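Visitor:
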Amino acid sequence: MQDCEIFTIFAVVNQNHKAMRVLLIFTGGTISMVRNPKTGSLHPASMETFKSYVPELISSEVEVDMLPFDPLIDSSDVNPDHWVKMAQTVVDCYDDYDGFVILHGTDTMSYSASALSFMLENLSKPVVFTGSQLPIGVLRSDARENLLTAIEIAAARNAEGRAMVPEVTIYFEGRLFRANRTTKKNAEQFEAFDSYNYPALAKAGVHLTYREHLIHYNEQNLPLRSHLKIDRNVAVLKLFPGITAPLVQSILQTPGLRGVVLETFGSGNAPSYKWLYEQLRDAVDRGIIIVNKTQCSTGSVEMGRYEVSLNLMKAGVLSGYDITTEALLTKMMLVLGENDDPDTIRQQLLTPLCGEFSVVENA
Ligand code: ASP
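One rule links them: number in our numbering = place in the sequence shown (from 1) + 1417.
(1) Let me make sure I understand the geometry here. Which of Ser1775, Gly1737, Arg1438 has the alpha-carbon closest to that of Ala1580?
(2) DSSP state of Leu1767, grouped into three classes?
(3) Got a sec? Which residues, its chain only, sit under 7 angstroms from His1709 by beta carbon, not counting five neighbours each side?
(4) Taking Thr1506 as part of the beta strand (DSSP E), name the residues at either end of that continuous run.
(5) Is Asp1648 a contact residue of the ligand ASP, with contact defined as CB to any heavy atom under 7 angstroms?
(6) Leaving out five residues before and five after Thr1409 in sequence, what residues of the same chain have Cβ atoms less than 6 angstroms from its Cβ?
(7) Is the segment 1635-1648 touching the segment 1586-1604 in the sense that three or more CB pairs, one from each, lie closer than 8 angstroms?
(8) CB-CB under 6 angstroms to Glu1590, same chain, minus the five flanking residues each way: which ones, in chain order?
(9) Identify, in the order they occur along the chain, each residue of the same chain with its Cβ nearer than 8 angstroms to the Cβ of Asn1431, setting aside the five sequence neighbours on each side.
(10) Consult DSSP for Met1750 and reduce its assignment to one of helix, strand or coil.
(11) On the criterion of 16 or more Cβ atoms from any shown chain inside 10 Å, does Ala1780 qualify as buried, or is it exposed?
(12) Determine whether the beta carbon atoms of Val1677 and Ala1652 lie at a separation below 8 angstroms.
(13) For Val1555, write down the residues that DSSP places opposite it in a beta bridge.
(14) If you measure between the beta carbons of Tyr1627 and Val1585, is that distance less than 8 angstroms?
(15) CA-CA distance, Asp1524 and Arg1561?
(16) Drop a sphere of 10 angstroms on the beta-carbon of Lys1691, count the other beta-carbons inside from all chains shown, and report buried for 16 or more, exposed for fewer.
(17) Could you give the uninterrupted runs of the alpha helix (DSSP H) lying entirely in the segment 1532-1610, keeping only those of 4 residues or more?
(18) Comparing the CB of Thr1523 with every heavy atom of the ligand ASP, is any distance shorter than 7 angstroms?
(19) Note down, one range per segment and in chain order, each alpha helix (DSSP H) of at least 4 residues found wholly within the segment 1615-1689.
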């Protein structure tokens, strides 16, 4: 593990009256940036500058170690190698900390956080992603509240000493979401994320209110397992009125392609072009996994509800139910990375692995 800086925040102690320990993994994003007064552009702050904007970090009693990526990156540059680095860091440090906070740019946070939810199986400790819409150095930035509450959630325990939210989550602007249910919805407002098909796991107002019935707990105390093999041979094929056969063909004939997220209309419908179904059938016959994901934010794919989706089913396309594109794409990359057997791949994609979708009757 790289060298960490240690400082303390809040008065949180565990049952043994020891301070809780949280590892702050710093990947970059707006939260870590300050404005260059000469050029006006944003660039990564040094850790010293960052801490000077959050004096609470030094004056309280959760022990927080800081582990910055070198270099800090804009999340538009984050790729699966970075997901592996984040997941591996959590695995390497798992026994030394009570919880983890990952500071990350908002642009691709839902992808990274979804990926980690599949990479870290049987979590018993919180892994909370957060970031901000305004840089830490700006007076009315959302960075401080997001950071401090994320740390509080990562350290939170119930009366029996169990982590309140032992899942991969995103905390942003007063709400804590299951990571693999989130989407970045807003480039302007502080409320940057939403979870359209699953309620918030906790809300932060005057009180931090946890909704335990919505949270997944590792009841059998199974040991942490990591999945770090990723296959990037996937594509998102977004349907639109007027889509042409050569375009679909160019995607489905991509050399090495193994999985496709098919973004459809409404409850999972596609235009009834014969060539489309033939191309999809041909791809499925060549072993490519195709999963139907509605372009709607809310609601579920219901294959067979209309004839136009029944045809997709006949072509061998699987239902993604109410999953997000971020969760489906990252899950596909991981399932394909770990498996070669088509039946196992299909079965894993049709089963919620960590609460990433809800199965709807007839879907
Ligand atoms: N471009 C930035 C990033 O994703 C935006 C942000 O952090 O909000 O890293």
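C-beta atoms are modelled at their ideal positions from N, C-alpha and C, and glycine is treated no differently.
Since this is a predicted model, take the numbers as computed values, not measurements.
Guide: Answer, in terms of the structure:
(1) Arg1438
(2) coil
(3) This sequence places Asn at residue 1709; His is not what is there. The answer, listed in chain order, is Leu1679, Thr1681, Gly1685, Val1718, Met1720, Leu1729, Val1734, Leu1735, Ser1736, Gly1737.
(4) Looking at the DSSP string, Thr1506 is not in any beta strand (DSSP E); the run it does join, the alpha helix (DSSP H), is 1497-1510.
(5) no
(6) Outside the shown range of the chain, which is 1418 to 1780, sits residue 1409, and nothing can be said about it.
(7) no
(8) Phe1607, Glu1608
(9) Confidence at Asn1431 is low in this model, with a pLDDT of 48, below 50, so the placement of that residue should be treated as unreliable; the coordinate-derived value is given next. Here the set comprises Met1437, Asp1515, Arg1574, Gly1578.
(10) helix
(11) Its pLDDT being 47, under 50, Ala1780 is placed unreliably in this model, and the coordinates cannot settle the point.
(12) yes
(13) For Val1555, which the question treats as bridged, DSSP gives no partner whatsoever.
(14) no
(15) 19 angstroms
(16) exposed
(17) 1560-1572
(18) yes
(19) 1662-1669
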